[in-house]
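Below: one structure, written as structure tokens.
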Amino acid sequence: MGKYEPLAAFLKKQGMAEVRMTFDQIERLIGGKLPASATEHRAWWSNNPSNSVITRAWLDAGYRTEDVDMVSRKLVFRKATRAHDRMLKDADIMKRPAISPRHPLYGSMKGLVTLAPGVDLTEPADPDWGKAYD
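What follows is the structure, encoded as structure tokens:
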């Protein structure tokens, strides 16, 4: 269970169009302190899906943040609209690489090949090969 899953579960249970919360309430819910950047930087509360783990928690619960008040340490979670859901899906699609950087078989033999002691894979297979340049 992730640190912010209790927040996601709480928001999913609410089912209301908006849920007003203080930073302290969120901290009690998650059973720990929010990072310092949560109280120092407004951008920490943005609805960008790649922003942070907590962002995914409220987005996956179907909410987005609004009216973040850094001074009073409070915010509003508002139920996301279909247009907002589409935007999040598009953002996820754009994050994925068009072509996988590695072949699907990459790493499939890991741990299956063992070299005998004393074997040097960089040593030429033909001992006379090295003498060609003497």
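Using the UniProt record's numbering, the first residue of the sequence shown is number 1, and each one after it goes up by one.
For each residue, glycine too, the CB sits at the ideal point set by N, CA and C.
### Query
Helix, strand or coil: which one does DSSP assign to E5?
Your numbering for residue 5 matches position 5 in the sequence shown. It is helical.
#### Entry: CA nearest to the CA of I26, picked from R102, A17, T39
Counted from its first residue, the sequence shown places residue 26 at position 26. It is T39.
### Task
Please go through the UniProt domain "DUF7662" (4–79) and give each complete alpha helix (DSSP H) segment of 4 or more residues, from N-terminal end onward.
5–14, 23–30, 36–40, 53–60
### Query
Ordered along the chain, which non-local residues of its own chain (more than five positions away) have a Cβ less than 6 Å from that of I54?
By one-based count along the sequence shown, residue 54 stands at place 54. The answer, listed in chain order, is Y4.
### Task
Express the C-alpha separation of V68 and S46 in angstroms, rounding to a whole number.
Locating residue 46 in the sequence shown gives position 46, where the first residue counts as 1. Locating residue 68 in the sequence shown gives position 68, where the first residue counts as 1. Whole-angstrom Cα-Cα distance: 9 Å.
#### Entry: Same chain, Cβ closer than 6 Å to M21, five either side skipped, listed in chain order
Locating residue 21 in the sequence shown gives position 21, where the first residue counts as 1. Cβ neighbours of M21 beyond the five flanking positions: none.
### Task
Starting from the Cα of L34, find the closest Cα among K74, S108, L121 and give me that residue.
On the sequence shown, residue 34 is found 34 positions in, with the first residue counted as 1. Considering only alpha carbons, the answer is K74.
### Task
Compute the Euclidean distance between the alpha carbons of A57 and V19, then round it to the nearest angstrom.
By 1-based counting over the sequence shown, the position of residue 57 is 57. By 1-based counting over the sequence shown, the position of residue 19 is 19. The straight-line gap from Cα to Cα measures roughly 14 Å.
### Query
Cα separation between L115 and T122?
Counting from 1 along the sequence shown, the entry for residue 115 is found at position 115. Counting from 1 along the sequence shown, the entry for residue 122 is found at position 122. Approximately 13 Å between the Cα atoms of the pair.
### Message
Please report the distance separating the alpha-carbon of S72 from that of F23.
### Response
The count along the sequence shown starts at 1 and reaches residue 72 at position 72. The count along the sequence shown starts at 1 and reaches residue 23 at position 23. Their Cα atoms are separated by approximately 9 Å.
### Message
Distance check for A61 and K79, CA to CA, integer angstroms please.
### Response
Within the sequence shown, residue 79 is the residue found at index 79, counting from 1. Within the sequence shown, residue 61 is the residue found at index 61, counting from 1. Put simply, the backbone Cα of K79 is about 9 Å away from that of A61.
### Task
Can you grab the Cα-Cα spacing for the pair R64 / K110, in whole Å?
Counting from one through the sequence shown, the residue named residue 64 turns up at place 64. Counting from one through the sequence shown, the residue named residue 110 turns up at place 110. A direct Cα-Cα distance of roughly 43 Å separates R64 from K110.
### Coarse secondary structure for D128, derived from DSSP in three states
Translated into positions along the sequence shown, residue 128 becomes position 128. Three-state DSSP puts D128 in a helix.
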